[in-house]
Each structure stands twice: as C-alpha cells, then as structure tokens.
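Enquirer: Each number in my numbering comes from the position in the sequence shown (counting from 1) with 163 added on. All residues carry an ideal CB built from backbone N, CA and C; glycine is no exception. Attaching a single structure in structure tokens format; questions to follow.
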Amino acid sequence: MGDEWRPELYDSKLGFVSAHGQHVIELLQPKAGEFVLDVGCGTGDLTARIRESGAHVVGIDKSEAMIARARSKYPDLRFIVADAECPLPEAVAEAFDAVFSNAALHWMKAADQVLAEIWQCLRPGGRFVGEFGGRGNIRTVEQAIEDVLLAEYGIDAAAFHPWSFPSLGEYAARLEAAGFQVDMTVYFKRPTALPDGDAGMDYWLESFAKPFVHAVGEKESGRLFRLVKERCRPSLYSGDKWTLDYARLRFAAHKTLRE
Ligand code: BEZ
Numbered sequence: 164m165g166d167e168w169r170p171e172l173y174d175s176k177l178g179f180v181s182a183h184g185q186h187v188i189e190l191l192q193p194k195a196g197e198f199v200l201d202v203g204c205g206t207g208d209l210t211a212r213i214r215e216s217g218a219h220v221v222g223i224d225k226s227e228a229m230i231a232r233a234r235s236k237y238p239d240l241r242f243i244v245a246d247a248e249c250p251l252p253e254a255v256a257e258a259f260d261a262v263f264s265n266a267a268l269h270w271m272k273a274a275d276q277v278l279a280e281i282w283q284c285l286r287p288g289g290r291f292v293g294e295f296g297g298r299g300n301i302r303t304v305e306q307a308i309e310d311v312l313l314a315e316y317g318i319d320a321a322a323f324h325p326w327s328f329p330s331l332g333e334y335a336a337r338l339e340a341a342g343f344q345v346d347m348t349v350y351f352k353r354p355t356a357l358p359d360g361d362a363g364m365d366y367w368l369e370s371f372a373k374p375f376v377h378a379v380g381e382k383e384s385g386r387l388f389r390l391v392k393e394r395c396r397p398s399l400y401s402g403d404k405w406t407l408d409y410a411r412l413r414f415a416a417h418k419t420l421r422e
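Laid out in structure tokens, this is it:
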C-alpha cells in the first residue's frame, strides 16, 4: 500500500504481530557479531529484539512513517526507508549473514524480485528466515471485502488486492529458483485473536485493509468497513472477541551459488 500506515495505531492496537514474530527470531538464532537485515521491519520491535542477541541489525521498510516511528523508539538502531521490491542500496550487497522477515512478505507481490534482492544482499551461505501469510490466510475477511465491494458498489476487488498468500509448494519453488536451498518450511493455520473486543476488527481493518478504500473513495471508508465487519461477524466473532483465520508460511533457507 502507499504510505497509509498509522504507526501509533499499529503499535497500540496490533502489538500481537510482533509478539508472534518471536518464534521466527528463535528460528533465526541470531548470533553476536552477525550482520542481519530485517525486511519489512515496521516500527522496529523485532529489529530491537534481534539486536539483543548482539547481532548488528539494519531494519528496512517501504513506509517512511513506520521508519520514522522505529527511529524515534530505537535511536541507536539503523533503519532505512527501502522497498524490497526494488533494487536495494548498493551498500547492502553481499553484506549480510542473515535476512529476517516477519509478517511483511505478503505485502510484496513481486515475490521473485524480492527474492533476487535478498539473495544479492546475503553472503554465500547466508540465511533467509521468515514467516508471512500463506494460502487461505484471512480468507473469510478477503471474501467479505470482495462480496461487499461487488454487492454494494458493483466493484471487482481484484485490482485492489494488496496481498499475495502463496502455497508452501509455490513459495518453496520460488526460493529454489532464486538460488536458495530450503532447509525448513511449514504451513499452519494460526487462528489469531484480536485484542480490544468488538473494536478489535475496526482497528484491524483501519490498519490493514486501507488499499480497498481506493475502490470506493475515502468518504465511503466507514461504511465499507462496517459492512465488511458485519459480514465477518458470524464466522469470526465469538466470546466477545474477534479471531481471524490466519494461515502462516514459515521457512528457513540459505543462499547457494546460482548455476
Ligand atoms: C498477516 O499478517 O497475515 C496479514 C496482516 C494484515 C493483512 C493481511 C495479512
């Protein structure tokens, strides 16, 4: 999405995103003295967690607003505004022992370009470890958005989809084609409870579903999200909380030399 991120809202209402990322750091096993790149670092909480291991870490994110917030929270860490779907700055080429990414790769639809950039900035043998939305992730929410746009506005949502949720097989094949050896990959359903009771879904839509507002215009944003929320309610709201149908792809790979 364009820079529609609201970092304060993200930090105050969507802290569960970083909390879940702790497992991915455990898979990464960062070591003191290593150089690690955090791709799609958002407001920097996991970048800071990686630093605690003694690794030197750089966080990159496409959103200037998120990077500004990360810098203000963690002034001693290095954060750069950079879009991993475009060529990364020369300075990072072959510089890193590991690349890490949590809950960000599904926002980057040009997956092969991203993998080429990550391959380029790793030293030979360097690790690429991450987690993001896999096939079927938040399908109930996606379907509700598609249904509301079509039924209420006569709009096909296809052109506005900001996410890509590949299957395990598809992503593993992309990793291999990009020159990685896949060491571990797993697909799992992870129903994800939102905090803040009924309002939790409002915060989620406001933070993550903004790209669909372009389909209807800002003035309709409130109505669009209200209708989507009510469509999701029978399946996703119970016991005074929203639980979204997240599905994750988690993987560990390392850079090999391309043939
Ligand atoms: C996710 O983490 O899976 C996700 C978050 C926001 C929008 C889409 C997916």
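#1: Does the Cβ of residue 293 lie closer than 6 angstroms to at least one heavy atom of ligand 1?
#2: Roughly how many angstroms separate the alpha carbons of residue 258 and residue 219, rounded to a whole number?
#3: Residue 299: beta carbon under 6 angstroms from a heavy atom of ligand 1?
#4: Alpha carbon to alpha carbon, what distance is there between residue 265 and residue 291?
#5: Which full runs of the beta strand (DSSP E) of 3+ residues lie inside the region 330 to 362, going along the chain?
#6: Shortest alpha-carbon distance to residue 226 belongs to which of 408, 214 and 204?
#7: What is the rounded straight-line gap between the Cα of residue 353 and the Cα of residue 269?
#8: When every heavy atom of ligand 1 is checked, does at least one fall within less than 6 angstroms of the C-beta of residue 371?
#9: For the structure I just gave you, are there three or more beta carbon pairs, one from the region 334 to 352 and one from the region 393 to 406, closer than 8 angstroms?
#10: Let me know if residue 251 comes out buried or exposed under the rule of 16 or more other beta-carbons within 10 Å of its beta-carbon.
#11: Could you check if residue 184 belongs to the surroundings of ligand 1, using beta carbon to heavy atom distance under 6 angstroms?
#12: Can we say the region 321 to 340 touches the region 272 to 279, given the rule of at least three CB pairs closer than 8 angstroms?
#13: Could you give the first and the last residue of the continuous beta strand (DSSP E) run that contains residue 287?
#14: What are the residues that DSSP puts in a beta bridge with residue 405?
#15: Just tell me which of 213, 189 and 201 has its CA closest to the CA of residue 230.
#16: Measuring CA to CA, which of 326, 196, 297 and 358 is closest to residue 406?
#17: Which of helix, strand or coil does DSSP assign to residue 279?
#18: Taking just the CA atoms, how far does residue 267 sit from residue 212?
#19: Can you tell me the Cα-Cα spacing of residue 166 and residue 228, whole angstroms?
#20: Out of 417, 412, 279 and 418, which one is the CA nearest neighbour of residue 186?
#21: Report the partner residues of residue 222 according to the DSSP bridge assignment.
#22: Going by C-alpha distance, which of 279, 247, 312 and 253 is nearest residue 418?
#23: With the cut-off set at 7 angstroms, would you say residue 242 and residue 232 are in Cβ contact?
Expert: Put simply:
#1: no
#2: 11 angstroms
#3: no
#4: 11 angstroms
#5: 343 to 352
#6: 204
#7: 16 angstroms
#8: yes
#9: no
#10: buried
#11: no
#12: yes
#13: 285 to 296
#14: 400
#15: 201
#16: 358
#17: helix
#18: 17 angstroms
#19: 7 angstroms
#20: 412
#21: 201 and 242
#22: 279
#23: no
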